[in-house]
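First the structure, in the form of structure tokens, and then the observations on it.
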Amino acid sequence: MHDIAIMWDWIGFAVRWVHVITAMAWIGASFYFIALDLGLRKVPHLPAGAFGEEWQVHGGGFYHIQKYLVAP
Numbered sequence: 047m048h049d050i051a052i053m054w055d056w057i058g059f060a061v062r063w064v065h066v067i068t069a070m071a072w073i074g075a076s077f078y079f080i081a082l083d084l085g086l087r088k089v090p091h092l093p094a095g096a097f098g099e100e101w102q103v104h105g106g107g108f109y110h111i112q113k114y115l116v117a118p
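Take the sequence shown: its letter number 45 is residue 91 in my numbering, and every next letter is one higher.
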């Protein structure tokens, strides 16, 4: 019976840490998309329905992002 209590303590500990790490990732993703929205630029050659575009560099590659307010 004592082993089951110890197992439940470890399971609770693991669930708490998974919850904390997931919350950090969620908040980081929110900050990323806020920064992405603030960096959008309207340019004349955007496709119909596009709200703006942004270029990013990460990991040696270039990302060209276009935001649509509705499905393209």
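Glycine is no exception: its CB is placed at the ideal position from the N, C-alpha and C atoms.
Subject >> Cβ contact (3+ pairs, closer than 8 Å) linking the stretch 66-76 and the stretch 86-99 >> reply: With fewer than three CB-CB distances shorter than 8 Å, the stretch 66-76 does not count as touching the stretch 86-99.
Subject >> Selection from Ala117, His65, Gln112 and Ala94 that minimises the alpha carbon distance to Asp83 >> reply: Selection Ala117, His65, Gln112 and Ala94 evaluated against Asp83 yields Gln112 as nearest (Cα-Cα).
**OP:** Could you please give the first and the last residue of the uninterrupted alpha helix (DSSP H) stretch that includes Gly74?
**Re:** His48 to Leu84
Subject >> Lys113 - partner residues in DSSP beta bridges >> reply: Gly98
Subject >> Residues near Glu100 in its chain [Cβ-Cβ closer than 6 Å; skip 5 each side] >> reply: Around Glu100: Gly85, Leu86 and Ile111.
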